[in-house]
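Undergrad: Read in the working numbering, the sequence shown has 334 at position 125, and its numbers run on one by one without any break. Note that beta-carbon positions come from the ideal geometry of N, C-alpha and C, so glycine has one too. Can you read through this structure? Questions will come right after.
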Amino acid sequence: MPTNETTAHETGEAQAAATVAGAGGPAGARGGTSVSLRDLTRAFGAARALNEMSLEIAPGELVALLGPSGCGKTTALRIVAGFEYADAGQVLIDGKDVSGVPAAKRDMGMVFQSYSLFPNMSALDNVAFGLRMRKVGGGARRKRAAELLDMVGLSAQAGQWPHQLSGGQQQRVALARALAIEPRVLLLDEPLSALDAKVRLQLREQIRTLQQRLGTTTLFVTHDQEEALSMADRVGVMRAGRLEQVAEPAELYSRPATAFVAEFVGTMNRLPAELGGGGTVVTVLGTTVPTQEGGPSSGPVDALVRPENLTVAVAEAGDGIVTGRTFLGAVTRVAVRLSGDTEVAVDVSSAAAAAMAPGTAVQVSLPAAPVLVAPRSSD
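Set out below in structure tokens:
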């Protein structure tokens, strides 16, 4: 038996995770579960962590909450889990209000950033813990735990203690423990942020594959946009306790509803522009294009354009000068300084970028497609 001990914080979270996993009805197959968050409000002193936040999650769907630190995403997750209670609003599971139901009776599984494994239990016993709390017999419990360890690729590590496992292996054990009791809802609180890049990539693919295979309704909190866009059916971008936009990843990226979403998700250029037609069109880089809904209808504005939506070509009488290049594989990001000292990034094929050394005169163009505009930045 290992003698190492977790911190009080980690042990508390491990106990909380086991509590969430340990109650409810007997383990068994069940259909997907719907989750509704309705007008959730939560304040800590004068600070509002959630401000009338609402979200609908369909049965079997994986929704990611994405946003900067302090935006309220983890508070929302903990309220769903029952670790915290909202000052106002409701949490509904399959249409039933569970806002006042203790965490131990919500039949949910939760995976934390800090793994939260019991240090004095083997990997197999950690996975089986929730089943033991449900009074599942020893033989059936060990069989189910072994199945889940096999599902996450850790059959060979069943008898090892947490301190003998790598960070990625510990997180897979934590995931298996949460899934062993077939929870109605799986909650993931930044589960990959403590891992290195290669392990994060492997584990996020594994989580997504398992979630789709099992059909478990899942709420995933992350500050990593790549994780959110690659794993989720829909992504909710949060700011100051509210959801700015909830959409499928492709829509969120290509048609952001607000300037905050546009600049938080991916790389975005801000280009000085002039509105016309009562705000229905905008002229940018000498081209007049329609505006997307949601922008201002008057005043000084910037057009928000992604690097891959611009084109650049070598031209002696061009409107810009190449100031740098960043090789990204098949694509190279070319930095261009336009007249007026506006800096713009343009993605081009690496083959084409070979002719665009720093100092080269180029012409930057905008295709005739709708763009999002925002009040002009004061920077």
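#1: Sorted by chain position, which residues of the same chain lie with C-beta nearer than 8 Å to LEU340's C-beta, five sequence neighbours on each side aside?
#2: Is the Cβ-Cβ distance between VAL474 and VAL430 less than 8 Å?
#3: Among all the DSSP beta bridges, which residues are the ones paired with ASP405?
#4: ILE530 and LEU393 - do their beta-carbons sit closer together than 8 Å?
#5: If you run the structure through DSSP and keep just helix, strand and coil, what is ALA356?
#6: Which one or two residues does DSSP pair with GLN572 in a beta bridge?
#7: Which one of VAL555, MET565, THR535, VAL557 has the shortest CA to CA distance from GLU525?
#8: Could you please give the first and the last residue of the uninterrupted alpha helix (DSSP H) stretch that includes GLY537?
#9: Thinking C-beta only, is VAL557 closer than 8 Å to VAL543?
#10: Who are the Cβ neighbours of GLU453 in its own chain at under 6 Å, not counting the five residues just before and after it?
#11: Identify every run of the alpha helix (DSSP H) within the region 467-515, keeping only runs that are complete inside it and at least 4 residues long; order them along the chain.
#12: Which word fits PHE292, buried or exposed, when buried means at least 16 other C-beta atoms lie within 10 angstroms of its C-beta?
#13: Mind checking whether ALA273 and ALA441 have CB atoms under 8 Å apart?
#14: Skipping 5 residues on each side, what residues in its chain have a beta carbon closer than 7 Å to that of LEU480?
#15: With DSSP as the reference, label ARG381 as helix, strand or coil.
#16: Against chain D, with Cβ distances strictly below 8 Å, would GLY347 count as a contact?
#17: Contact defined as beta carbons within less than 8 Å: I believe LEU326 pairs with GLN379. What is the distance between those atoms, to the nearest angstrom?
#18: When you compare only the Cα positions, how much space is there between VAL361 and VAL382?
#19: Identify the continuous alpha helix (DSSP H) that holds VAL345 and give its terminal residues.
#20: Are there 16 or more other CB atoms within 10 angstroms of the CB of PRO584, so buried, or fewer, so exposed?
#21: Can you check DSSP and say which residues form a bridge with VAL543?
#22: Below 8 Å, can you find three or more Cβ-Cβ pairs linking the region 363-377 to the region 393-408?
#23: In terms of alpha-carbon separation, which member of ARG451, GLN322, THR520 lies closest to LEU396?
#24: Residues bridged to ASP306 by DSSP?
#25: Taking the DSSP output, what are the residues bridged to GLU435?
#26: Could you tell me the distance, in whole angstroms, from the CA atom of VAL244 to the CA atom of LEU275?
#27: Looking only at DSSP bridge pairs, what is PHE601 linked to?
#28: So, at 6 Å on beta carbons, what are the nonlocal neighbours of CYS280 in its own chain, with the 5 sequence-adjacent residues on each side left out?
#29: Going by CA-CA distance only, name the one from ALA563, ALA312, PRO509, LEU519 that's closest to THR535.
#30: So, under 8 Å CB-CB, GLY488 and SER506 are touching, yes? Tell me the CB distance rounded to an integer number of Å.
#31: Please report the distance separating the alpha-carbon of GLU517 from that of PRO328.
#32: Run through DSSP, which three-state label would MET330 get?
#33: Tell me whether LEU537 is buried or exposed, calling it buried when 16 or more other Cβ atoms sit within 10 Å of its Cβ.
#34: Can you give me the C-alpha to C-alpha distance between ALA252 and GLU356, rounded to a whole angstrom?
TA: By the coordinates alone:
#1: ALA236, ALA349, ARG350, ARG353, ALA354, ALA389, ILE390
#2: no
#3: DSSP, once it has assigned bridges, lists no residue as partnering ASP405.
#4: Residue identity check: residue 393 is Arg in the sequence provided, not Leu. It is not a contact, given that the beta carbons lie outside the stated cut-off.
#5: Looking at the sequence shown, residue 356 is not Ala but Glu. Of the three classes helix, strand and coil, the one that applies to GLU356 here is helix, per DSSP.
#6: ALA522
#7: MET565
#8: Position check: residue 537 holds Leu in this sequence, whereas Gly was assumed. Where LEU537 is concerned, there is no enclosing alpha helix (DSSP H), given that its DSSP letter is neither H nor E.
#9: yes
#10: VAL446, THR467, PHE469, VAL470
#11: 468-473
#12: buried
#13: yes
#14: VAL493, LEU494, ASP511, ALA512, VAL514, THR551, VAL553
#15: helix
#16: Absence of chain D from the displayed structure is noted, only one protein chain being present.
#17: 6 Å
#18: 8 Å
#19: Taken as a continuous stretch (DSSP letters only), VAL345 belongs to no alpha helix (DSSP H), as it is neither H nor E.
#20: exposed
#21: ARG534, VAL555
#22: yes
#23: GLN322
#24: LEU301
#25: Per DSSP, none; premise fails for GLU435.
#26: 18 Å
#27: Since the first residue of the chain shown is 210 and the last is 588, residue 601 is not available in this structure.
#28: MET447, ARG448
#29: ALA563
#30: 3 Å
#31: 48 Å
#32: coil
#33: exposed
#34: 42 Å
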